[in-house]
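Residue numbers (our numbering), protein chains in the order written: chain A, 86 to 392; chain B, 1033 to 1320. Data block below; observations after.
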Amino acid sequence: MILIETDALEKRYGDVLALTDLTVSVEPGIVGLVGANGAGKSTLIKLALGLLEPTAGRISVLGLDPRVDGEGVRARVGYMPEHECLPPDVSAAEFVTHLARVSGLPRATARERASETLRHVGLYEERYRPMGGYSTGMKQRVKLAQALVHDPELVLLDEPTNGLDPEGRRAMLALVQRIGSEFGISVVVCSHLLGEIERICTSLVAIDGGKLLRSASLSSMTRQSDLLMVEVDEGDTPLAARLTQDGLRVRHRDRVLLVDLTGDRTFDLIRDAVADLDLSLHRLERHRHQVADLFRDAPEVSDVAAR
Amino acid sequence: MSQLDNPAGVIHDIGYQSYRGARLGRRYAVRSVYVHSLRTAFGLGRSARAKILPLGILALGCVAALVLVVVSSQVPVQVITYVGIASTFSYGVTAFVAVVGPELVSRDLRNSLLPLYFSRPITRSDYALAKLGALASAVFVVFAAPMLIMFIGVSFSDKHGLGGILSDSGALGQGLLAALIHSIVFAALALPSASLTGRRVFATGMIIAIFLLTAPVSGVLAEVGTGSMANLAGLFDPISLLNGVDNWLFGDGLTQVGGYGPIYGLVTLGLAAAGTALVLWRYRTVKA
Chain A
86 MILIETDALE KRYGDVLALT DLTVSVEPGI VGLVGANGAG KSTLIKLALG
136 LLEPTAGRIS VLGLDPRVDG EGVRARVGYM PEHECLPPDV SAAEFVTHLA
186 RVSGLPRATA RERASETLRH VGLYEERYRP MGGYSTGMKQ RVKLAQALVH
236 DPELVLLDEP TNGLDPEGRR AMLALVQRIG SEFGISVVVC SHLLGEIERI
286 CTSLVAIDGG KLLRSASLSS MTRQSDLLMV EVDEGDTPLA ARLTQDGLRV
336 RHRDRVLLVD LTGDRTFDLI RDAVADLDLS LHRLERHRHQ VADLFRDAPE
386 VSDVAAR
Chain B
1033 MSQLDNPAGV IHDIGYQSYR GARLGRRYAV RSVYVHSLRT AFGLGRSARA
1083 KILPLGILAL GCVAALVLVV VSSQVPVQVI TYVGIASTFS YGVTAFVAVV
1133 GPELVSRDLR NSLLPLYFSR PITRSDYALA KLGALASAVF VVFAAPMLIM
1183 FIGVSFSDKH GLGGILSDSG ALGQGLLAAL IHSIVFAALA LPSASLTGRR
1233 VFATGMIIAI FLLTAPVSGV LAEVGTGSMA NLAGLFDPIS LLNGVDNWLF
1283 GDGLTQVGGY GPIYGLVTLG LAAAGTALVL WRYRTVKA
């Protein structure tokens, strides 16, 4: 089944064109939706939920048209908005229970699943305290829990790492990955940080200025994945020459050499070359081919990848 | 905090359970919003501070009813009718809607809760009507509780036996009907105003203004006017209007309507309809 499919989708706010001629089809999995701020990510998500009406074109979510069967779509989808949306004087348990009921869960079940879901996102006894006293990390977790509480087939996460410190970001991304893999729920996760979400996604959709830049599954993007990063103090040019001579494919990136890893012998060759040239080796590291590199290859997408 | 710092490690052993049970549809979802809002109106499920005003006003009304019971058991004449409670308590209930109306809708706007509601099976109109219904019901409770207390008290102290209680229950029915009309109009006037702003203070101010700043207008008109002018003066403020409807329907309200009762009825109906339409329009266009 196709998760989200759009056809010449357009959304215009007055004179401002938020999305134009967007045609994309997304398979189930963890889908990264990347683009700079204002690229149209949130607009696309709101169109998928039926919170906004497209000005032209078509969108279907889980095979349903949100304009025709908004209720059907929204019953099967969870949504975590980007901005703050938690009343400070209510406890997380109470809040998520209420929203579970609004999603159609029976009274007692709603309470049960609210506690369970809050535990899954990492909130334990704190869930009985008013949310006004929560840290940003805890608030993001509650927002995630309310999107998951009715066990949707698809969750739409709008910038889930917003406002979190590096450790919080890492934990949130690990959680998103678990949702996609262990929980078996498809995820669309928005971010303006490509480098951050590429590690957890199975496919990526990049948009910029309301237009589709590129959409592909991550395996096809990163097929030639094994690279070694070699960093030496000085003399990277002679080293590159020597390695090329040895039959390895070498590319420069800044002061780092990227060497295609063909087997254990590659390590030996690099070691010998460094020793022979009497260089000081700073780093020899296995490096997954980053999607950012792929985006950087295409000149028109360079500024998205850079952000 | 240590759990939060390393959540992946801690939660790993629980195991996610997918949900295969019943999913009750949109109607249940709307009812959930209604019930939750009704509880919110009285501060239930919230902090003690949120309970003080709404429950305080409710308690005040009940105490007043108790006093009335005691007084009427001592004096031979009837002190107040049930419809009279609807009429006289209306000013106090103004304070209730001015506090509770913003509590129901301005808070949701302020905390940007609407996207969470609108991304669920309910529609924007469902939300608006559930909130309107909850406010009307809450106001009805504030009117009806004192009436019931009075009914119970009077029944116990009744000197005419079962017949007296029966005739009294008829009067109670009239009172509850008046309470219903009052609460619908109160909600239809207060909710659209409150739904305009996320700032509770402004919302409360607006509601008080609608109810209390208009009162002197009709008061002055009723004083200086004569004949039909005096009888129509009550149309200019909501509470006099409602009391006029009581006067027309039950012959027992503080506003004298003369022969213009049906006009009061029409204006009341129009106000309720306009208020409902306004709330629906507001939530159709509000950004989510």
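The beta carbon of each residue, even a glycine, is placed where N, CA and C say it ideally should be. Here the structure is a predicted model, which is why all the values come from computation and not from measurement.
Problem set entry | Unbroken stretches of the beta strand (DSSP E), 3 residues or longer, contained in the segment 205-284 of chain A | Here the runs fully enclosed are 239-242 and 271-276.
Problem set entry | Own chain partners of residue 1279(B) with C-beta closer than 6 Å, once the 5 adjacent residues on each side are dropped | The answer, listed in chain order, is 1285, 1287 and 1289.
Exercise. Going along chain B in order, which residues have a C-beta closer than 9 Å to the C-beta of residue 269(A)?
Worked result: 1048 and 1050
Exercise. Looking at the C-beta of residue 1321(B), does it have a partner C-beta in chain A at a distance below 8 Å?
Worked result: Any answer about residue 1321(B) is impossible in this case: the structure gives chain B only from 1033 up to 1320.
Exercise. Is the shortest distance between the beta-carbon of residue 89(A) and the beta-carbons of chain B less than 8 Å?
Worked result: no
Exercise. Is the distance from the Cβ of residue 317(A) to the Cβ of residue 359(A) below 8 Å?
Worked result: yes
Problem set entry | Interface partners of residue 1144(B) on chain A, CB under 8 Å | 166, 168, 169 and 170
Exercise. Just to confirm, are residue 1131(B) and residue 1258(B) a CB contact at a threshold of 8 Å?
Worked result: no
Exercise. How big is the Cα-Cα spacing for residue 1102(B) and residue 1093(B)?
Worked result: 14 Å
For this session: Output the distance between the C-alpha atoms of residue 1061(B) and residue 1303(B), rounded to the nearest integer angstrom.
Result: 28 Å
Problem set entry | Contacts around residue 1312(B), its chain only, beta-carbon distance under 7 Å, and the 5 residues preceding and following it disregarded | Around residue 1312(B), the same chain offers 1157 and 1160 as residues with beta carbons nearer than 7 Å, after the five sequence neighbours per side are excluded.
Exercise. For the segment 115-141 of chain A, which residues have a CB atom closer than 7 Å to at least one CB atom of chain B, in sequence order?
Worked result: 134 and 136
Problem set entry | Cut-off 7 Å between Cβ atoms - residues of its own chain near residue 1049(B), not counting five sequence neighbours on either side | Excluding its 5 nearest sequence neighbours in each direction, residue 1049(B) has no C-beta neighbour in its own chain below 7 Å.
For this session: Go through its chain and collect everything with a Cβ distance to residue 1083(B)'s Cβ below 8 Å, but skip five positions before and after it.
Result: 1074, 1075 and 1076
For this session: Per DSSP, which residues does residue 110(A) bridge with? Please list them.
Result: 90(A)
Exercise. Shortest alpha-carbon distance to residue 229(A) belongs to which of 196(A), 298(A), 165(A) and 183(A)?
Worked result: 165(A)
For this session: Could you please give the first and the last residue of the uninterrupted alpha helix (DSSP H) stretch that includes residue 183(A)?
Result: 177-187
Exercise. Using a Cβ-Cβ cut-off of 8 Å (strictly less than) and excluding sequence neighbours within five positions of residue 137(A), which residues of its own chain qualify?
Worked result: 96, 128 and 131
For this session: Enumerate in chain order the residues of its own chain whose CB-to-CB distance from residue 278(A) is below 6 Å, with the five nearest sequence positions on each side excluded.
Result: none
For this session: Report yes if the C-beta of residue 1104(B) is less than 7 Å from at least one heavy atom of the ligand SAM; otherwise report no.
Result: The model depicted lacks the ligand SAM and carries no ligand whatsoever.
Exercise. Going by the CB atoms, is the gap between residue 1051(B) and residue 186(A) shorter than 8 Å?
Worked result: no
For this session: May I have the straight-line CA-CA distance separating residue 299(A) from residue 1217(B), to the nearest angstrom?
Result: 56 Å
Problem set entry | Interface positions of the segment 1133-1157 of chain B facing chain A (Cβ-Cβ less than 9 Å), listed along the chain | 1139, 1140, 1142, 1143, 1144, 1145, 1146, 1147, 1148, 1149, 1150, 1151, 1152, 1153, 1154 and 1155
For this session: Measure the alpha-carbon distance for residue 1185(B) versus residue 1204(B) and round it to whole angstroms.
Result: 13 Å
Exercise. How many whole angstroms separate the CB atoms of residue 89(A) and residue 261(A), which I take to be in contact at a CB cut-off of 8 Å?
Worked result: 17 Å between Cβ atoms; not a contact.
Problem set entry | Cross-chain neighbours of residue 1077(B) in chain A, by beta carbon under 8 Å | Within 8 Å Cβ-Cβ: 175 and 179.
Exercise. Going along the segment 1083-1102 of chain B in order, which residues come within less than 9 Å of chain A, judged by CB to CB distance?
Worked result: none
Exercise. Residue 1185(B) lies in the alpha helix (DSSP H); which residues open and close that run?
Worked result: That run of the alpha helix (DSSP H) goes 1156-1188.
Exercise. Between residue 321(A) and residue 339(A), what straight-line distance do the alpha-carbon atoms span, to the nearest angstrom?
Worked result: C-alpha separation (whole angstroms): 10 Å.
Exercise. What does residue 189(A) reach in chain B if we use C-beta pairs closer than 9 Å?
Worked result: 1054, 1055, 1056, 1057, 1058, 1060, 1061, 1064, 1152 and 1153
Exercise. Closest Cβ-Cβ distance between residue 394(A) and chain B: below 8 Å?
Worked result: For chain A, the structure presents residues 86 to 392; residue 394(A) sits outside this window and is missing.
Exercise. According to DSSP, what are the bridge partners of residue 299(A)?
Worked result: 291(A)
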